[in-house]
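Residue numbering for the sequence shown follows our numbering, starting at 81 and increasing by one per position.
First up is the structure itself, then whatever we jot down about it.
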Amino acid sequence: MQLKCGQRVLDLSRPHVMGIVNVTPDSFSDGGQYNSLDAALKRAESMVQLGATLIDIGGESTRPGADEVSEQVELDRVVPVVEKIAKNLDVVISVDTSTPAVMCESLKVGAGLINDVRSLSREGAIEAVKDSLAAVCLMHMQGEPRTMQNAPHYENVTNEVEDFLRHQIERCVEQGIQRERLVLDPGFGFAKNLEHNLSLFKHMQQLHSFKLPLLVGVSRKSMIGQVLNKTTDQRLIGSVALALMAFERGAQILRVHDVEATMDALKLFNAVQAAV
Ligand code: PT1
81 MQLKCGQRVL
91 DLSRPHVMGI
101 VNVTPDSFSD
111 GGQYNSLDAA
121 LKRAESMVQL
131 GATLIDIGGE
141 STRPGADEVS
151 EQVELDRVVP
161 VVEKIAKNLD
171 VVISVDTSTP
181 AVMCESLKVG
191 AGLINDVRSL
201 SREGAIEAVK
211 DSLAAVCLMH
221 MQGEPRTMQN
231 APHYENVTNE
241 VEDFLRHQIE
251 RCVEQGIQRE
261 RLVLDPGFGF
271 AKNLEHNLSL
281 FKHMQQLHSF
291 KLPLLVGVSR
301 KSMIGQVLNK
311 TTDQRLIGSV
321 ALALMAFERG
331 AQILRVHDVE
341 ATMDALKLFN
351 AVQAAV
């Protein structure tokens, strides 16, 4: 399986690590140290050297409780970073945004994947990506980041995530986005309590029914903190463990803060698999 991301192609017969570069001043786990242009480029460069084949750039925090930012603020934060990384590095640039104007401007300067935690639900989002060659990640969430953790409820979380994604795929295809451009994400930590997250993780393989690539983001999230009773800066080992388990369950793209540690785990996994 292959995924076209603008001018680049990802070979999905092997796993891909997507390095997170937050360009928010309040970034939940890197303390917002990388909000200047050169710092973002440096961070991305080091991630690419360590093996990341995608860099995910986000200018709006979507962690639980986070407020939305204005379109202009998001444009100012994200687009110059996308342009700079596109000019300097050989990597697929993913843009973590729900804002149509940010999608449009990012695509013009070299974005290869639009990663929208709101699954292109904002007015004009489908139109913004439709006529590009970029891939699109559709993710499961209920409600909005600011309030999504207020008593989320499911009868069967995996079935409901599957139904939601089926609906989003159909909506996108009907409106002119080719199915081959889509990537799916269960949305760990988005309107889900610990029990929901663990059950969804366990049964993630069910989402392969769509025969579309799966992207998983669990890096440093509170589900790890809740099981291990650890703060965000103590979640590296748990993050790597879950990333490897996601890969075992067929996830092709792993969205992580810690590229080197994740790559080490994947390399060991592959070394064992390649043995006779
Ligand atoms: C994700 C994701 C994302 N996560 C995709 N994009 C975030 N495609 C941002 C917590 O529980 O999983 N997939 N973009 C970050 N969001 C969260 C959510 C961060 C929950 C932290 C938590 O701690």
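Every residue, glycine too, gets a C-beta built ideally from N, C-alpha and C.
It should be emphasised that the depicted structure is a prediction, and the values quoted were computed from it without experimental measurement.
Compute the Euclidean distance between the alpha carbons of Phe-349 and Ala-326, then round it to the nearest angstrom. Your numbering for residue 349 matches position 269 in the sequence shown. Your numbering for residue 326 matches position 246 in the sequence shown. Taking the straight line from one Cα to the other gives about 12 Å.
Is any heavy atom of the ligand PT1 found at a distance shorter than 7 Å from the C-beta of Arg-226? Position 146 of the sequence shown, counted from the start, is the residue given in the question as residue 226. Result no, Cβ not under 7 Å from the ligand PT1.
C-alpha gap between Ser-279 and Met-219, whole angstroms: For this step, residue 279 is matched to residue 199 along the sequence shown. For this step, residue 219 is matched to residue 139 along the sequence shown. For Ser-279 and Met-219, the distance between alpha carbons rounds to 17 Å.
Measuring from the CB of Leu-295, is there a heavy atom of the ligand PT1 at a distance below 7 Å? As a working note, residue 295 is residue 215 in the sequence shown. Result yes, Cβ under 7 Å from the ligand PT1.
Check Ile-135 in the structure and name its three-state DSSP category. For the purposes of this step, residue 135 is identified with residue 55 of the sequence shown, where counting begins at 1. It is a strand residue.
Lys-282 in three-state terms, based on DSSP: Taking the first residue of the sequence shown as position 1, residue 282 is located at position 202. Three-state DSSP puts Lys-282 in a helix.
Please state whether DSSP places Ile-206 in a helix, a strand or coil. Start at 1 with the first residue of the sequence shown, and residue 206 comes out as number 126. It is helical.
Going by DSSP in three states, Ile-173 sits in which element: helix, strand or coil? The count along the sequence shown starts at 1 and reaches residue 173 at position 93. It is a strand residue.
Do you know offhand how far Arg-251's Cα is from Ala-355's? Here residue 251 refers to the residue found at position 171 of the sequence shown. Here residue 355 refers to the residue found at position 275 of the sequence shown. Using only the alpha carbons, I get a separation of about 43 Å.
Between which residues of its own chain and Leu-262 is the CB-CB distance below 7 Å, once the five residues before and five after are set aside? Taking the first residue of the sequence shown as 1, we reach residue 262 at position 182. Excluding positions up to five away in sequence, the list reads Val-216, Leu-218, Ile-249, Cys-252 and Leu-292.
Separation of Glu-203 from Gln-87, as counted between CA atoms: Locating residue 87 in the sequence shown gives position 7, where the first residue counts as 1. Locating residue 203 in the sequence shown gives position 123, where the first residue counts as 1. Near 26 Å, if we compare the C-alpha coordinates of Glu-203 and Gln-87.
For a test of the three-state rule: what should DSSP assign to Ala-318, helix, strand or coil? For this step, residue 318 is matched to residue 238 along the sequence shown. According to the sequence displayed, residue 318 carries Gly and not Ala. In the three-state scheme derived from DSSP, where H, G and I count as helix and E and B as strand, Gly-318 is classed as helix.
So, is Tyr-114 buried or exposed, given that buried needs 16 or more other C-beta atoms within 10 angstroms? As a working mapping, residue 114 is identified with position 34 in the sequence shown. With a pLDDT of 48 at Tyr-114, under the threshold of 50, the predicted position of this residue should be treated as unreliable, and no value is reported.
The ligand PT1 and Met-325: does any heavy atom of the ligand fall closer than 7 Å to the residue's C-beta? Taking the first residue of the sequence shown as 1, we reach residue 325 at position 245. Checking the Cβ of Met-325 against the ligand PT1 gives no.
Using the DSSP secondary-structure output, state which residues sit across from Val-158 in a beta bridge. One-based indexing of the sequence shown puts residue 158 at position 78. DSSP output for Val-158 lists no bridge partner at all.
On a CA-only basis, which of Tyr-234, Gln-285 and Gly-256 is nearest Phe-270? Give me that one, please. Looking up residue 270 in the sequence shown gives position 190. Residue Tyr-234 is the option with its Cα nearest to Phe-270.
Under 7 Å from any heavy atom of the ligand PT1, does the C-beta of Arg-335 make it? Taking the sequence shown and counting its residues from 1, the one referred to as residue 335 is at position 255. Under cutoff, so the answer is yes.
Alpha helix (DSSP H) containing Asp-265: first to last residue? Along the sequence shown, read from residue 1 onward, the residue named residue 265 stands at position 185. Unbroken run through Asp-265 is the beta strand (DSSP E), 262-265; no alpha helix (DSSP H).
beta-carbon Val-172 near the ligand PT1 non-hydrogen atom, thresh 7 Å: Here the question's residue 172 lines up with position 92 in the sequence shown. Not under cutoff, so the answer is no.
Among Met-303, Asp-91, Glu-242 and Asp-136, which residue has its Cα nearest to the Cα of His-283? Locating residue 283 in the sequence shown gives position 203, counting from the first residue. His-283 has its Cα closest to that of Glu-242, out of Met-303, Asp-91, Glu-242 and Asp-136.
Alpha-carbon to alpha-carbon, Arg-300 and Ala-341: Counted from its first residue, the sequence shown places residue 341 at position 261. Counted from its first residue, the sequence shown places residue 300 at position 220. Answer to the nearest angstrom: the Cα atoms are 13 Å apart.
Of the listed residues Glu-125, Pro-160 and Arg-157, nearest to Val-171 (C-alpha basis): As a position in the sequence shown, residue 171 is number 91, starting the count at 1. Taking only the C-alpha atoms, the option nearest Val-171 is Glu-125.
Apart from the five residues on each side of it in sequence, which residues of its chain come closer than 8 Å, Cβ to Cβ, to Gly-112? As a first step, residue 112 must be located in the sequence shown, where it is residue number 32. Its pLDDT being 49, under 50, Gly-112 is placed unreliably in this model, and the coordinates cannot settle the point.
Using 8 Å for Cβ pairs, my map puts Glu-151 next to Ala-181. What's the rounded Cβ distance? What you label residue 151 is simply residue 71 of the sequence shown in a count that begins at 1. What you label residue 181 is simply residue 101 of the sequence shown in a count that begins at 1. Between Ala-181 and Glu-151 the Cβ distance is about 5 Å, and since that is below 8 Å, they are a contact.
Can you look up Gln-82 in the DSSP assignment and give me helix, strand or coil? As a working note, residue 82 is residue 2 in the sequence shown. Strand, per DSSP.
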